[in-house]
Amino acid sequence: MNWFLGEFNEALRWRKRALFLNPLEAHNYYGIGFIYLSLDDHAKAEQWENQALELQPDFINAHWILCQIYLAEGKYQQAIQRIQKILSIEANEFAGLIAAGNSELSSGNYVQAQQYYEKPIAKPFQGSQ
Numbered sequence: 662m663n664w665f666l667g668e669f670n671e672a673l674r675w676r677k678r679a680l681f682l683n684p685l686e687a688h689n690y691y692g693i694g695f696i697y698l699s700l701d702d703h704a705k706a707e708q709w710e711n712q713a714l715e716l717q718p719d720f721i722n723a724h725w726i727l728c729q730i731y732l733a734e735g736k737y738q739q740a741i742q743r744i745q746k747i748l749s750i751e752a753n754e755f756a757g758l759i760a761a762g763n764s765e766l767s768s769g770n771y772v773q774a775q776q777y778y779e780k781p782i783a784k785p786f787q788g789s790q
């Protein structure tokens, strides 16, 4: 997509066209929000991601974008709540556990941060051998 090349206005135009063609697809709202995040427009990004979540409440990617917004704005409690939502959808989501630890660490909650960090370490790798 064009946002990879830094052509954000063109990428927005195509995403909004996709939204016009399929207004019930959460990925279209997510994509627009992602572009606004890339433009550092947190207010618009948050608005679009929330619209994606209205259509698909368990859309992990939209929750991640909101988490990134909240962390960038120093809203650690909101970021933690969003990460907890991600982990309620997928309990062992590795990035979610690390992000939860980072958020707790940023808030000065060292014991809770350690608990999140230990979860992925305690679970042995289940990859192919």
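Sequential numbering from 662 applies to the sequence shown in this note's numbering.
The C-beta atom is built at its ideal place from N, Cα and C for all residues, glycine as well.
Item: Alpha-carbon to alpha-carbon, Asn-753 and Pro-781; Value: 7 Å
Item: Asn-691 to Glu-734 span [Cα, whole Å]; Value: Asn is not the amino acid found at residue 691; the sequence shown has Tyr there. About 19 Å.
Item: Presumed contact (8 Å Cβ cut-off) between Leu-714 and Ala-723, rounded CB distance; Value: 5 Å
Item: Three-state secondary structure assigned by DSSP to Lys-780; Value: helix
Item: DSSP-derived helix/strand/coil call for Leu-685; Value: coil
Item: Which of helix, strand or coil DSSP assigns to Gly-692; Value: helix
Item: Distance between Ala-706 and Tyr-777 (C-alpha atoms, nearest Å); Value: 27 Å
Item: For Leu-716, the three-state DSSP class (helix, strand or coil); Value: helix
Item: Spatially closest choice to Ile-750 from Phe-720, Asn-770, Tyr-771 and Ala-761, by CA coordinates; Value: Phe-720
Item: Contact set for Leu-716: own chain, Cβ-Cβ below 8 Å, skip 5 residues either direction; Value: Leu-685, Glu-686, Ala-687 and Tyr-690
Item: Inter-residue spacing [alpha-carbon to alpha-carbon] between Ser-764 and Gln-773; Value: 10 Å
Item: Residue range of the unbroken alpha helix (DSSP H) whose run includes Glu-765; Value: 755-767
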